[in-house]
């Protein structure tokens, strides 16, 4: 069945709630979009998601929007967020699932460049950090 057929049979709301792993296992997303409205700030773009009846404040970090998606100001931050919203919301949901919440910030979940990096990029970053710090004091 094509993706378009799947959307029309399930309905957009039900389709948006499903998350499929590489092995084909489907899961409910713990976080769902609460409101379509967003707020562009000097820290990035704030958006609301929900876990059941609990609203969860989230933010796409400005560095993520500028470096990965090429925005240059608050207006283009919002445009970049809109273009990549599903990917950013998925990363927010994954962080929330993993318990990676921010205790003392304006948002419970902050999505950064690292959260959208490929697994290989993450390994290379850790390796580079370890390599750079292994020569300290030598």
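In this note's numbering, the protein residues as written are -17 to 120. Where a beta carbon is used, it is the ideal one built from N, C-alpha and C, also for glycine.
| query | result |
| --- | --- |
| Integer Cβ distance of residue 29 from residue 40, believed to fall under 8 Å | 5 Å |
| Under 9 Å between C-beta atoms of residue 75 and residue 13 | yes |
| Beta-carbon spacing of residue 112, residue 73 below 9 Å | no |
| For residue 84, three-class secondary structure by DSSP | coil |
| Start-to-end residues for the alpha helix (DSSP H) that takes in residue 63 | 56 to 65 |
| Residue 94 versus residue 70: straight-line alpha-carbon distance, rounded | 9 Å |
| Same chain, Cβ closer than 6 Å to residue 53, neighbours up to 5 away in sequence not counted | 47, 59, 62 |
| Helix, strand or coil at residue 5 according to DSSP, with G and I counted as helix | Only weak support exists for where residue 5 lies, its pLDDT of 44 falling under 50; the coordinates are left without a value. |
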